[in-house]
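Top line first, the protein sequences correspond to chains Z and R.
According to the numbering used here, the first sequence holds residues 4 to 44 in order.
According to the numbering used here, the second sequence holds residues 45 to 349 in order.
Quick reminder that beta carbons are idealized off the backbone N, C-alpha and C, glycines included.
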Amino acid sequence: MTPEEEAQLKRARRGRNIALALVLIGFVALFYAITIVKMVD
Amino acid sequence: MTASANPALPAEWRDFFALTKPRVMSLVVFTGLCGLLAAPGTIHSVLGFTAVLCIALGAGGAGALNMWWEADIDAQMKRTAKRPLPQGRMKRTDARDFGVALSVASVLLMGIAVNWLAAAVLAGSILYYAVIYTIWLKPRTPQNIVIGGGAGAFPPLIGWVAVTGEITLMPVLLFALIFTWTPPHFWALALFVKSDYAKAGIPMLPVVAGEAATRKQILAYSVVLLVVSLAPWWIGGTGPIYGVAALALSGAFLALAIPVALRRAVEGDAMKPEKRLFSFSVFYLFALFAALVADRLILGQGALS
Numbered sequence: 004m005t006p007e008e009e010a011q012l013k014r015a016r017r018g019r020n021i022a023l024a025l026v027l028i029g030f031v032a033l034f035y036a037i038t039i040v041k042m043v044d
Numbered sequence: 045m046t047a048s049a050n051p052a053l054p055a056e057w058r059d060f061f062a063l064t065k066p067r068v069m070s071l072v073v074f075t076g077l078c079g080l081l082a083a084p085g086t087i088h089s090v091l092g093f094t095a096v097l098c099i100a101l102g103a104g105g106a107g108a109l110n111m112w113w114e115a116d117i118d119a120q121m122k123r124t125a126k127r128p129l130p131q132g133r134m135k136r137t138d139a140r141d142f143g144v145a146l147s148v149a150s151v152l153l154m155g156i157a158v159n160w161l162a163a164a165v166l167a168g169s170i171l172y173y174a175v176i177y178t179i180w181l182k183p184r185t186p187q188n189i190v191i192g193g194g195a196g197a198f199p200p201l202i203g204w205v206a207v208t209g210e211i212t213l214m215p216v217l218l219f220a221l222i223f224t225w226t227p228p229h230f231w232a233l234a235l236f237v238k239s240d241y242a243k244a245g246i247p248m249l250p251v252v253a254g255e256a257a258t259r260k261q262i263l264a265y266s267v268v269l270l271v272v273s274l275a276p277w278w279i280g281g282t283g284p285i286y287g288v289a290a291l292a293l294s295g296a297f298l299a300l301a302i303p304v305a306l307r308r309a310v311e312g313d314a315m316k317p318e319k320r321l322f323s324f325s326v327f328y329l330f331a332l333f334a335a336l337v338a339d340r341l342i343l344g345q346g347a348l349s
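In structure tokens form, the structure reads like this:
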């Protein structure tokens with residue numbers, strides 16, 4: 004693996020990790036909201 | 045060879061996003077939301093949002109499974125050759141797993157947060173698109189677009205059932221509306237990109253049955269579409285806002301389909317009437333569903349609490 008390829012690998016992995024973190028935070032917030040709504044109902 | 049063509053490198057998040065067919069999803073989200081807003085009854089806005097999100101996730105999962113299965117076909121067509129799998133930007137199994145994960149998550153979330161009938165219909169629509177359409181019937185019959193239209197017709201039905209919890213005549217008519225709209229919409233496109241499908245071995249109607257038969261069927265479906273689009277008004281499911289919009293839009297659709305049906309392409313044809321019908325067909329669906337929601341919000345009682 005060339006240094007350029009390694010840099011690209013790291014960049015792609017970092018981007019995916021950030022995307023996954025945002026998705027997980029979004030789901031945590033959504034499940035919290037759903038739970039509150041269901042309890043009020 | 046560029047580094048991006050090396051499948052050993054991890055795919056970027058954009059590649060996974062591309063697997064969900066974002067452009068198709070915009071139509072799915074819109075019609076699903078309209079079904080939800082047009083339904084009688086109320087749903088909390090958080091749960092309504094969740095329902096539309098589940099429809100989008102399910103459609104994305106089905107899209108990813110479709111691309112997983114059709115990677116070899118996509119590689120042969122100009123329109124689809126740039127997709128992540130034909131470009132070798134990710135592993136095939138990653139696309140499959142991503143599709144399955146999205147599909148399962150969407151159905152479970154719909155069941156837990158909204159209701160299990162909506163979840164069941166969502167599961168059915170994913171299986172219908174990924175298995176019955178993509179794997180089984182699309183490579184086997186020139187009526188594949190008629191069958192595929194069934195998959196695209198589910199979102200408003202699911203959105204409606206998310207609110208009401210039951211399947212009645214109105215959401216079935218919305219299903220029938222998109223089901224009838226898809227063939228003329230897609231065949232108009234297929235008339236001016238048909239060479240690509242022939243190369244990939246997909247039996248599209250213009251390739252198999254010929255141009256004349258395709259043009260005749262476009263007209264036939266446009267007539268049926270006029271009747272189907274007016275049915276919600278006739279049965280009293282909507283008010284005159286939708287009724288008048290349906291009459292005008294379906295009338296215009298039919299008026300654009302007639303020149304398409306009567307002409308034949310010549311050498312070096314610009315295919316203007318076909319392109320015009322295709323462009324209008326996209327506008328048609330957005331406008332008609334917007335009219336449906338406007339009818340409910342202005343003349344009836346809204347769905348969101």
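Integer Cβ distance of R:S323 from R:F297, believed to fall under 8 Å: Wrong, their Cβ atoms sit about 12 Å apart, outside the cutoff.
Three CB pairs or more closer than 8 Å across the region 88-104 of chain R and the region 151-165 of chain R: yes
Among R:M315, R:L300, R:A289, R:V304, the one whose alpha carbon lies nearest that of R:F330: R:A289
Simplified DSSP assignment, three categories, for R:I246: coil
Spatially closest choice to R:Y173 from R:A108, R:F236, R:A257, by CA coordinates: R:A108
As assigned by DSSP and simplified to three states, the class of R:I202: helix
C-beta contact flag for R:L235 and R:P250 at 8 Å: Using a Cβ distance threshold of 8 Å, R:L235 and R:P250 count as a contacting pair.
Rounded straight-line distance, which links the Cα of R:Y177 to that of R:P130: Between the C-alpha atoms of R:P130 and R:Y177 there is a straight-line separation of about 21 Å.
R:V151 beta carbon less than 8 Å from that of R:A139: no
Cβ shell of R:M134 (< 6 Å), same chain only, five flanking positions each side left out: A55, D59, P128
C-beta atoms of R:I262 and R:P317 nearer than 8 Å: no
For R:I211, the three-state DSSP class (helix, strand or coil): coil
CB contact below 8 Å: R:H88 versus chain Z: yes
Beta-carbon proximity list for R:Q120, same chain, < 7 Å, skipping 5 on both sides: K243, A244
Contacts that R:T212 makes with chain Z (C-beta to C-beta distance below 7 Å): In chain order: nothing, as chain Z lies at least about 23 Å away.
Exposed unless 16 or more other CB atoms sit within 10 angstroms - verdict on R:R259: With 16 or more Cβ atoms within 10 Å of its Cβ, R:R259 is classed as buried.
CB contact below 8 Å: Z:L27 versus chain R: Output row for Z:L27: interface = no.
Residues within the region 125-141 of chain R neighbouring chain Z, beta-carbon criterion of under 7 Å: none
Interface partners of Z:A36 on chain R, CB under 8 Å: Residues of chain R whose Cβ lies closer than 8 Å to the Cβ of Z:A36 are, in chain order, V90.
Segment contact flag, the region 194-205 of chain R with the region 213-228 of chain R, C-beta cutoff 8 Å, min 3 pairs: yes
Sequence-distant residues of the same chain with beta carbon closer than 6 Å to R:E114, five excluded per side: none
CB of R:G203 within 8 Å of CB of R:G312, strictly: Against a cut-off of 8 Å, the Cβ pair of R:G312 and R:G203 comes out as no contact.
CB contact check: R:E114 to chain Z, cutoff 8 Å: no
Proximity of R:V72 and R:I99 at Cβ, strictly below 8 Å: yes
Other residues of its chain near Z:A32: CB distance less than 6 Å, five sequence neighbours each side excluded: none
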